[in-house]
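Following: one structure in structure tokens, then a few remarks.
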Amino acid sequence: MKLTKTLLPLLLVTGFSITTFTHADKAVSSIFNSDFSYLVQTYLLANNGDANAQYDLAVMYDIGRGVAEDDKEALTWYLKAAEQGNVYAQNNLGVMYDKGIEGVVENDNKALQWYLKAAKQGYANAQNNLAVMYDRGGNGILKDDKAALKWYRKAADQGYADAQYTLGWRHAKGKGVLKDYKIAIKWFLKAAEQGNIYAQNNLAVMYNTGQGVVKDNQVALSWYLKSAEQGNIYAQNNLGVIYDNGVEGILENDIEAIKWYLKAAEQGYADAQYNLALMYDLGGQGVLEDDKEAVKWYRKLAKRGYANAQYNLGVMYQHGEGVTKDMTKAKFWIKKAYESDDAEASEAAKASWNKFELWKY
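The sequence shown stops at residue 361 when you use our numbering, and every number in between is there.
Right under this line is the structure:
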């Protein structure tokens, strides 16, 4: 007996990340058009103290367009522009100190300082980045939920999608605010309509489960698709689950299920890899049983410590399915599952261990 699919993926997705740099469109477009006169003009203006030109020049050094990439030069020019109040330069300085890139030592206090300068001038990107710093804390920055919420709200109110997503997540989980699915839906929708893939997936989950909104699997499917087509592994796996099982208004479709599981699995998502392995292991409508493929995916997961996969891989070795029968390897993997913290896998492994007297091998 193998462990059947445990469908845990329909969960709200977490994840806070610092946004990437905001670059100067004029500088980039001019360089791509081989307009080197613009580079010369920018350099002259920057040396004469023009803050916008200093920022543009910093971007050029930052991304290596028109000049050799040079983080130290980028830092120099960002500083000059930032000290004159350029919000884009202030934000990018914050990112450089926040991430700590080549030539710039990570310094959260300096990152916070520059984010704050830009945030106070109303720059939404910096407001969100500042909120993230207060949200996570660490390295000399005290975690401050109240401050994080304040800056997320300021950025979200300006239409900044990442902040809108985070506010939605906080209201859905009750993190720092009262749990309120209707407010969560409001913020997820705002971010989702701007293409935020995590908000799209979470909005789909809420329509899928009827949290804060009338349950509607067709609306859920449309948002899952928008997110999945942009490469979101959680939405891809969730689509796989929907097609794998079928839900009200959406017919079971194993071919679609395996397609979406595979997309997420190839990006390393463990839940999708396990679901994919099970589909190959058990077969289905239009999907041929393929023990070798099942073993391939079980093995990937087993090596990463995924207890259900360890148990199922052990069973495959025990019965010679997709691999040469090998009781020593069967014992090894089933024992791993037995010793795991996963109650379901451990219980199944214990039963196999005793029933087949695996200690003998």
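Beta carbons: idealized from backbone N, C-alpha and C, even for Gly. The structure displayed is predicted, hence computed values, not measured ones.
Below 8 Å, too few C-beta pairs join the region 228–235 and the region 245–256 to call them touching: fewer than three. Using a Cβ-Cβ distance cut-off of 8 Å, the region 183–200 and the region 214–221 are not in contact, since fewer than three pairs of beta carbons, one from each stretch, lie closer than that value. Taking residue 269 as reference, the option from 237, 241, 286, 294 with the minimal CA-CA separation is 237. As the crow flies, the alpha-carbon of residue 86 is around 9 Å from that of residue 80. One Cα belongs to residue 239, the other to residue 306, and the distance between them is close to 22 Å. In the three-state reduction of the DSSP assignment, residue 141 falls in the strand class, which pools E and B. A straight-line Cα-Cα distance of about 11 Å links residue 350 and residue 336.
The region 274–353 contains no complete beta strand (DSSP E) run of 3 or more residues.
For residue 51, the closest alpha carbon among the candidates 195, 90, 181 is that of 90. Within the same chain, and ignoring the five residues on either side of residue 285 in sequence, the residues whose Cβ sits closer than 6 Å to its Cβ are 254. Under the three-state reduction of DSSP, residue 67 is assigned to coil, being neither helix nor strand.
Between residue 155 and residue 131 the beta-carbon gap is near 7 Å, inside 8 Å, which marks them as a contact. Taking residue 167 as the centre and dropping the five residues before and after it, the same chain places the C-beta of 152, 156, 187 closer than 6 Å to its C-beta, in chain order. A check of alpha carbon separations from residue 116 across 107, 108, 126 identifies 126 as the nearest. Annotated three-state conformation of residue 214 is coil, per DSSP. Taking all protein chains shown into account, residue 161 has 16 or more neighbouring C-beta atoms within 10 Å of its C-beta and is therefore buried.
In this model, residue 158 and residue 194 are separated by some 13 Å (Cα to Cα).
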